[in-house]
Amino acid sequence: MKRCSVVRTSGSYPIRLLHGGDYNPDQWLDRPDILAEDIRLMKLARVNSVSIGIFAWVALEPEEGRFTFAWMDQTMALLGKAGIGVILATPTGARPAWMSQTYPEVLRVGPNRGRNLHGQRHDHCFTSPVYREKTRIIDTKLAERYSNEPGVQLWHLSNEYGGECHCPLCQDAFRAWLGKRYAGDLDALNKAWWTAFWSHTYTRWDQVESPAPHGETAVHGQVLDWKRFVTHQTRDFLRHERQAIQSVSDTIPITTNLMGFYEGLDYFSVAEDLDVVSWDSYPQWHSETQTDAQLARSVGTTHDLMRGCKRNTPFLLMESTPSVTNWSPIAKLKRPGMHLASSLLAVAHGSDSVQYFQWRKSRGSSEKFHGAVVDHVGHEHTRVVREVAQVGEALEQLQEVAGSLYAAETAVIYDW
């Protein structure tokens, strides 16, 4: 069995199969009793690693330039005392309202050229100099404060990078990217895009725009180049975050959570900037249109794709649900034994973790009905907690496979 290092061997956190999930103590800062109870329940559920800080920007920087790390310091201390490792996230997947209000250029512009209001997630412009500077500051602050924490196992950059912005800044960046791609030759671009059809030939670079529902949509070369540019710009932002972290310390591996066969980005390209690939898996088990066995084959294929994004390194299952999802027409609880089976499916395909979104179910807002280890009832006397603990026990018995590589016997060609 060939082995490779996935997480840093440091202190009391050796290489092992990780079990845990997305932990958001910033949602419960007014309830110290709940935070203390979380640690007790994590031990019962055999959790050995949690990711923190993913959506915590406003809790870390409630006002521009004023940083509040006390709650995270306390969380780190409690987790460390319990022997639970940390995957520390940069909070750039959802920015504070003060930033949107003060610097509207950070708000994403849609293909219809309308600028979004503050809200949702990933409603930000990857090109914006302001957003990049604010990102650099918060990422650097986190690295300076926590890079030497013995419990930090990985850096988790942002969350589910994706989407695109069509603002004037991005239009200029797109034209600059095209200029490099076509060596400054506008005729070469026109020929590649076959713009002579319908007299759509460009005579100046500033005439070129990204695809739009009220503009060009069917010039295939343009659409394809735009998608390539979106991957380029997203990677550039990811590298910007990575550089901020590594300017302080480069000893901790870096990951971000991918989304399987997501069409918005070329993940083979994105993975080049990661030390470890991780992904979020939310299959709809017990469907009326296919058997669980058929769906398992599909999920296994996606595991294989994610593993193939970073050769010679195990991947991580960064998010899954131990129970239900909140976006299904009918939110079905997994049948008894299904959670263990689906978790071991990931490990069998090369994952070094089984992790969940999220640890404790939210009290309100967008995903209050999404599955979690600890339900709204707030105690361990549920089938979900019992089955999560069962998965944790199984992973403890399988620790020998941690860091091992999957020997593929068949190649499948996939082109993003």
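Its first residue numbered 0, the sequence shown is counted upward by one per residue in numbering that gives the first Met the number 0.
The C-beta atom is built at its ideal place from N, Cα and C for all residues, glycine as well.
- Shown here for K226: not one same chain residue has a beta carbon closer than 7 Å to its own, the five before and five after excluded.
- Counting the other Cβ atoms within 10 Å of the Cβ of V46 gives 16 or more, which makes it buried.
- If one requires a minimum length of 3 residues, the beta strand (DSSP E) runs lying completely within the segment 309–359 are 315–318 and 352–355, in chain order.
- Separation of V373 and W358 (C-alpha to C-alpha, rounded to the nearest whole angstrom) is 6 Å.
- Scanning A295, A270, H378 and Y145 for the CA closest to the CA of T255 turns up A270.
- Of the residues S48, K309 and V105, the one whose Cα lies closest to the Cα of V129 is V105.
- Distance from the CA atom of T89 to the CA atom of S246, rounded to whole angstroms, is 15 Å.
- In this structure, the alpha-carbon of E208 lies about 10 Å from that of Y201.
- With contacts defined as CB atoms closer than 8 Å, L397 and L16 qualify as a contacting pair.
- For V247, the secondary structure class from DSSP, reduced to helix, strand or coil, is coil.
- Contact between P110 and P24 does not hold, since the beta-carbon distance rounds to 37 Å and is not under 8 Å.
- Within the same chain, F66 come within 7 Å of K140 by CB-CB distance, once the 5 residues on both sides are set aside.
- Here the alpha carbons of N115 and L43 stand approximately 43 Å from one another.
- Between the alpha carbons of E63 and T409 lies a gap of roughly 52 Å.
- For E287, the closest C-alpha among the options S327, R382, D138 and T301 is that of S327.
- Separation of G402 and A182 (C-alpha to C-alpha, rounded to the nearest whole angstrom) is 44 Å.
- Around the C-beta of T134, 16 or more other C-beta atoms lie within 10 Å, and the residue is accordingly described as buried.
- Three or more beta-carbon pairs separated by less than 8 Å link the segment 149–169 to the segment 77–96, which places the two stretches in contact.
- Distance from the CA atom of Y266 to the CA atom of G377, rounded to whole angstroms, is 38 Å.
- The beta carbons of T320 and Y261 sit no closer together than 8 Å.
- Take the alpha-carbon of E60 and the one of W70: they are about 12 Å apart.
- Counted as a single uninterrupted DSSP element, the stretch harbouring Y22 is not any alpha helix (DSSP H) but the beta strand (DSSP E) occupying residues L17 to Y22.
- Annotation: the continuous alpha helix (DSSP H) that includes Q396 extends over R382 to Q396.
- For H302, the enclosing alpha helix (DSSP H) covers residues D291 to G307.
- One thing to note: V85 has its Cβ within 8 Å of the Cβ of L78.
- If you draw a 10 Å sphere on the C-beta of L223, you find fewer than 16 other C-beta atoms in it, and that means exposed.
- Excluding sequence positions up to five before and after F368, its CB lies within less than 6 Å of the CB of N325, all in the same chain and listed in chain order.
- Shown here for R238: same chain residues with a beta carbon closer than 7 Å to its own, the five before and five after excluded, namely D272 in chain order.
- When C166, L28 and V276 are compared, the shortest CA-CA separation from C124 is found for C166.
- If you draw a 10 Å sphere on the C-beta of F173, you find 16 or more other C-beta atoms in it, and that means buried.
- In this structure, M98 and G150 do not form a Cβ contact; the two beta carbons are roughly 29 Å apart against a cut-off of 8 Å.
- Looking at the DSSP output, S277 bridges to N256 and L315.
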